[in-house]
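Under the working numbering, residues 58 to 479 are what the sequence shown spells out, in order.
Ideal Cβ positions, reconstructed from N, Cα and C, are used throughout, including at glycine.
What follows is a single structure, written as structure tokens, with notes after it.
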Amino acid sequence: VVSAVDAAIIVLDAAKGIEAQTLKLFQVAQARGIPLITFINKCDRPGLAPLELIDDIERQLGIRAMPVTWPIGMGGDFVGVADRRDGSLWAFDRTAHGAGIAAERQTSLKDLADGEHRSKARIELELLEAVGADYDHKAFLAGEATPVFFGSALWNFGIRLLLDAVVDLVPPPEPRPDKSGLALALDGQCSGFVFKIQTNLDPRHRDRFAYLRVCSGKFERGMTLVYQRTGRVFSTKYAHQMFGRARDTIEVAGPGDVVGLVNAVDVRIGDSLSEDGSVAYPPIPSFAPEHFKIARNIDTARYKQFRRGITRLDQEGVVQVLRHPDRGDQQPIFAAVGPMQFEVAIHRLEHEYGARVELTPSQFTVARRTDTDSAVELNQIRDVEMFARTDGTLIALFPHRHRLDAVVRDHPELTLDSIVVA
């Protein structure tokens, strides 16, 4: 999804700061030059000090943090956020039981009843001004700095200021380069790429949605687009605008818009579509997985449902399905970036496809993308096994990081990439 946006929002837990998954997504966004806005959530709960959170952003992400709003107190002492642009205070009014807020009031720092909060906030705000932590729009657009907002999503506090920033700060769609590096004019032929696939949004109809980011030209419902990969023609008669599970027919869309294409049976993530089929956008990268489980179909009588289900979930990117050349679909490995993906996969296989699956631990903990030439040599190395994704990408699996490091050290000529590009 990051590949389809013009900017993105990083959401941090005030108690945890930068987490491993956040760091990975940041690396993808940075590689693609995507400006980032940071929202520090759960300020009404115990967490790190605001200055610690700012330091964590700068130290781990290597970009400058520019606080636009600043918290007044944290956790049980949280009373609101100050907007550094105009000096106003957005007050966090707790209910009688301290469980939430009654309203989000715009007022002034002078109205704070607690002198300690007011004094500490003034010192911190003066410190930010002294170190030059003011908003720099050019640095934001260049991906060198991130504006920071504080609040509590649970109570819808600080979200208004965040969304206003999305409207005011996020750049408009720009011409996107194709595989050759040529930037296509925004007013050229209609073109775009598929960045997400979702099946069974309506279980009654077993539909299949492809989400198309329009990059150039004018999309009109009913027009004909051509797959660059296959040359096949696709009719856009059933085009929708999606919001969660709700959908509305969309008649016209332009660069930056997302169109849901119904029953896009042959579409894959990363596919490029255009009016004449000549446009090919760069492939969408994904991370090498870090969690691995062996999948076993419990009910052998429902093998077809099992096979159909894992194929669909693989196409959607819910999990990566890795197959051994000798075992195939008998004992595929589910590979994921995060363990929650396994729970989603099991639930959907049972409730959407009628296939009950048992997942058992695997000996593998590290994966790397490789190529055909390297695979031949890797197959001869102890403790390394070769698997293949559905799209043919070869994946080498290792029992632990130390084994990978040893192979890299002893065989520097082998291809072992942590970022998988379809």
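The beta carbon of residue 441 sits closer than 8 Å to those of 435, 453, 454, 455, 460, 464, all from its chain and outside the five residues before and after it, given in chain order. The residue from 438, 115, 338, 77 with its alpha-carbon nearest to that of residue 346 is 77. By the beta-carbon neighbour count (other beta carbons within 10 angstroms, threshold 16), residue 273 is buried.
The segment 203 to 215 makes no contact with the segment 234 to 245, as fewer than three CB pairs between them are under 8 Å. By the C-beta criterion, the segment 355 to 369 is judged not to be in contact with the segment 315 to 324, since fewer than 3 inter-stretch pairs fall below 8 Å. Using a Cβ distance threshold of 8 Å, residue 93 and residue 64 count as a contacting pair. Burial state of residue 79 is buried, judged by a 10 Å Cβ sphere holding 16 or more other Cβ atoms.
In the DSSP annotation of this structure, the continuous segment of the alpha helix (DSSP H) that includes residue 399 starts and ends at 397 to 410. Residue 248 has its alpha-carbon roughly 4 Å from the corresponding atom of residue 331.
Between the segment 192 to 212 and the segment 86 to 105, the count of Cβ pairs shorter than 8 Å is three or higher; the stretches touch. With 16 or more other CB atoms across the displayed protein chains lying within 10 angstroms of its CB, residue 394 is buried. In the three-state reduction of the DSSP assignment, residue 464 falls in the helix class, which pools H, G and I. Within the segment 245 to 312, the complete beta strand (DSSP E) segments at least 3 residues long are 248 to 256, 265 to 273, 281 to 284, 290 to 292, 296 to 300, 303 to 306, listed from N- to C-terminus. Annotation for residue 336: 235, 241, 248, 285, 329 place their beta carbon closer than 7 Å to its own, counting only its chain and skipping 5 residues before and after.
Here the C-alpha atom of residue 183 lies approximately 21 Å from the C-alpha atom of residue 100. Straight-line spacing of the CA atoms in residue 276 and residue 305 works out to 16 Å. Restricting attention to 312, 228, 427, the CA atom closest to the CA of residue 246 is found in 312. Taking C-beta atoms as the reference points, residue 118 and residue 74 fail to come closer than 8 Å. DSSP, reduced to helix, strand and coil, places residue 343 within a strand of the structure shown. With a 10 Å radius around the Cβ and a threshold of 16 neighbouring Cβ atoms, residue 106 comes out exposed. Apart from sequence neighbours up to five positions away, the residues of its chain that approach residue 399 with a beta-carbon distance below 8 Å are 348, 350, 376, 391, 393, 416, ordered along the chain.
If you draw a 10 Å sphere on the C-beta of residue 268, you find 16 or more other C-beta atoms in it, and that means buried. Taking a C-beta distance under 8 Å as the contact criterion, residue 279 and residue 294 qualify as a contact pair. Between residue 438 and residue 374, the CB-CB gap reaches or exceeds 8 Å.
Per the C-alpha coordinates, the member of 135, 181, 255, 139 positioned closest to residue 409 is 255.
Within 10 angstroms of the beta-carbon of residue 370 lie 16 or more other beta-carbons, which makes it buried. By alpha-carbon distance to residue 378, the top candidate from 339, 448, 469 is 448. Listed in chain order, the alpha helix (DSSP H) runs fully inside the segment 421 to 454 are 429 to 435, counting runs of at least 4 residues. When DSSP states are grouped into helix, strand and coil, residue 190 belongs to the coil group. Taking every protein chain shown into account, the CB of residue 138 has 16 or more other CB atoms within 10 angstroms, so this residue is buried.
In the three-state DSSP reduction, residue 180 falls in the helix class (H, G or I). DSSP, read as helix, strand or coil, puts residue 472 in coil. Sorting 150, 422, 451, 338 by C-alpha distance to the C-alpha of residue 380 places 451 at the top. In this structure, residue 102 keeps its C-beta atom at 8 Å or more from the C-beta atom of residue 148. Scanning 135, 125, 253, 343 for the CA closest to the CA of residue 141 turns up 125.
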